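Undergrad: For the sequence shown, our numbering begins at 1 and goes up steadily by one. Quick reminder that beta carbons are idealized off the backbone N, C-alpha and C, glycines included. Nothing here was measured: the structure is a model prediction, and the numbers come from that model.
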Amino acid sequence: MNGPHDLGGQMGFGPVAPEVNEPYFHAEWEKRALGITLSCGAFGAWNIDESRHARENIPPADYLAASYYEVWIRGIDTLLARHGFASPEELFSGRDLQPGTCPKRVLTAEMVSGVLSRGGPCDRPLHSEPRFAPGDEIRTRNFHPETHTRLPRYARGKRGVVEAVQGSFVFPDDNAHGKGKIRNGSTRSYSRPMRSGARAPTRRFRSRSMPGRAILSVCESPTSLSQSPGLPVSAEGDPVFAEPWHAQAFAITVHLHENGLFTWSEWAAALSSQLHQPGRAEDGHDYFDGWVAALTGLMAAKGIADEATVLALQQSWQRAAEATKHGSPILRENDPLHLAD
Numbered sequence: 001m002n003g004p005h006d007l008g009g010q011m012g013f014g015p016v017a018p019e020v021n022e023p024y025f026h027a028e029w030e031k032r033a034l035g036i037t038l039s040c041g042a043f044g045a046w047n048i049d050e051s052r053h054a055r056e057n058i059p060p061a062d063y064l065a066a067s068y069y070e071v072w073i074r075g076i077d078t079l080l081a082r083h084g085f086a087s088p089e090e091l092f093s094g095r096d097l098q099p100g101t102c103p104k105r106v107l108t109a110e111m112v113s114g115v116l117s118r119g120g121p122c123d124r125p126l127h128s129e130p131r132f133a134p135g136d137e138i139r140t141r142n143f144h145p146e147t148h149t150r151l152p153r154y155a156r157g158k159r160g161v162v163e164a165v166q167g168s169f170v171f172p173d174d175n176a177h178g179k180g181k182i183r184n185g186s187t188r189s190y191s192r193p194m195r196s197g198a199r200a201p202t203r204r205f206r207s208r209s210m211p212g213r214a215i216l217s218v219c220e221s222p223t224s225l226s227q228s229p230g231l232p233v234s235a236e237g238d239p240v241f242a243e244p245w246h247a248q249a250f251a252i253t254v255h256l257h258e259n260g261l262f263t264w265s266e267w268a269a270a271l272s273s274q275l276h277q278p279g280r281a282e283d284g285h286d287y288f289d290g291w292v293a294a295l296t297g298l299m300a301a302k303g304i305a306d307e308a309t310v311l312a313l314q315q316s317w318q319r320a321a322e323a324t325k326h327g328s329p330i331l332r333e334n335d336p337l338h339l340a341d
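1. Looking only at C-alpha atoms, which of D174, F171, F132 sits nearest to V161?
2. Measuring only the C-alpha atoms, how far is P211 from L271?
3. Under the assumption that H257 contacts W245 (Cβ atoms under 8 Å), give the Cβ distance between them as a whole number of angstroms.
4. Mind checking W264: buried by the 16 CB within 10 Å criterion, or exposed?
5. Check whether the Cβ atoms of A45 and H5 sit closer than 9 Å, and answer yes or no.
6. With burial defined as no fewer than 16 other Cβ atoms inside 10 Å of the residue's Cβ, what is the status of V254: buried or exposed?
7. Please state if the CB of L79 and the CB of E110 are separated by a distance shorter than 9 Å.
8. Label N259 either buried or exposed according to how many other C-beta atoms from any shown protein chain fall within 10 Å of its C-beta, with 16 as the threshold for buried.
9. Helix, strand or coil for V254? Go by DSSP, reduced to three states.
10. Report the three-state DSSP secondary structure of I48 (helix, strand or coil).
11. Return the chain-ordered list of same chain residues with a C-beta closer than 6 Å to the C-beta of V310, the five sequence neighbours on each side being excluded.
12. Who does P239 pair with in a DSSP beta bridge?
13. Tell me F169's beta-bridge partners as DSSP assigns them.
14. What are the start and end residues of the alpha helix (DSSP H) that includes R118?
15. Mind checking whether S316 and L298 have CB atoms under 9 Å apart?
16. So, do the stretch 30 to 48 and the stretch 66 to 73 have three or more beta carbon pairs nearer to each other than 8 Å?
17. For the stretch 48 to 97, list the alpha helix (DSSP H) runs that are entirely contained and at least 4 residues long, ordered along the chain.
18. Please classify G9: does DSSP put it in a helix, a strand, or coil?
19. Can you give the beta carbon distance from M1 to H148, rounded, assuming they're within the 8 Å contact cut?
20. Using alpha carbons as the reference points, say which of R156, S128, P152, K179 lies closest to R139.
21. Using CA atoms only, rank isn't needed, just tell me which of P329, G35, M11 is closest to R153.
22. With the cut-off set at 9 Å, would you say D306 and R319 are in Cβ contact?
23. Compare the Cα-Cα distances from F241 to each of Q274, D286, A281 and report the closest residue.
24. Based on Cα-Cα distance, which residue from E89, A42, F92 lies nearest to R118?
25. Find out if the Cβ-Cβ distance for the pair A17, H326 is shorter than 9 Å.
26. Who are the near neighbours of A81 in its chain, counting only those whose CB is closer than 6 Å to its CB and skipping five residues on each side?
27. Alpha carbon to alpha carbon, how far is L38 from P125?
28. Rounding to the nearest angstrom, what Cα-Cα distance links N47 and G3 in this structure?
29. Considering only C-alpha positions, which residue in the set F250, A301, G230 is nearest to L361?
30. Please report the residue range of the alpha helix (DSSP H) in which A312 lies.
31. Alpha carbon to alpha carbon, how far is R52 from G167?
32. Out of curiosity, what's the CA-to-CA distance linking E243 and A65?
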């Protein structure tokens, strides 16, 4: 799925700032988080791919505001409730309130070393010849599943060359959903990217099912802005968005329109003008850049905020993001120049 965990190649999150001599754990509770996750995994109720998918499904605002092991704990909460080991009420209260699922096995202290050294084998017998051989040119799929996948967005729709056939393994995309079988004798292979000039694939998700639904509630009621020129929509006619900020820009525009800041005809004219500016991408990946430019122009024309003010706010939020410690919420107060405004 296209979730907040898949940030490779994404923009707007500030620079990566590795911690020098970073410890394995930053607090004692993180050790317990790791131990709890491994112990619960030994119950035998789920596999590593379902565990990953549970973490991927955390709403973006919660995921991006959480530290590494906070994400792990929220994922294990989901799995324990899903498989009947603990109810949400029990997890919240920390008390045993009702009988739950009995685990297939319990990890004891003397078992830990052996279990961790063995791992969980994921190789499978191969019943047919691999479809591809070393040296074959291939192209990865460009798709946007709502289910688990190990193919990151930055690697989709890209050309490459098969370098080696490593054998036959369980397919993680299926294994996360209880279908851990070989798909047509498929094999695990590795490829290196080629210079293809291809653009990064566009990430799309339906507004109706996007985590963080409150931001997009406007999409669930009729709005004339759903008919905006060139707006990407699903087969059902729902607006779809390539990035969370696209959805936020849409929601802000709907709010201003419904409060009478501008008419539908004014909006359609402003957006059309921006979309036909020279230099716009033919594949439409910069559609919402034009959307924001149209909204900024209307706000300036209506005396709400001039373009210089909007640009200053944009720069302020960027500085705030760069100054915010990883795992902490981004607040404008974090902008070093905010108090000087």
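TA: Based on what the coordinates show:
1. F132
2. Since pLDDT at P211 reaches only 32, below the 50 mark, its modelled position is unreliable, and no value is offered.
3. That pair is no contact at about 18 Å.
4. exposed
5. no
6. V254 should be labelled buried.
7. For E110 and L79, no; Cβs fall outside 9 Å.
8. Exposed: under 16 other Cβ atoms inside 10 Å.
9. Helix, per DSSP.
10. helix
11. Excluding positions up to five away in sequence, the list reads T296.
12. Per DSSP, the beta-bridge partners of P239 are V233.
13. D123
14. Per DSSP, the unbroken alpha helix (DSSP H) holding R118 starts and ends at 112 to 118.
15. no
16. Result yes; three or more Cβ-Cβ pairs closer than 8 Å.
17. 48 to 56, 60 to 65, 68 to 82, 88 to 93
18. coil
19. 6 Å between Cβ atoms; contact.
20. R156
21. M11
22. no
23. D286
24. Each of E89, A42, F92 was checked against the Cα of R118, and the nearest Cα belongs to A42.
25. yes
26. P88
27. 27 Å
28. 20 Å
29. Nothing can be reported for residue 361, as the shown portion of the chain is limited to 1 through 341.
30. 307 to 323
31. 23 Å
32. The alpha-carbon separation between E243 and A65 amounts to approximately 17 Å.
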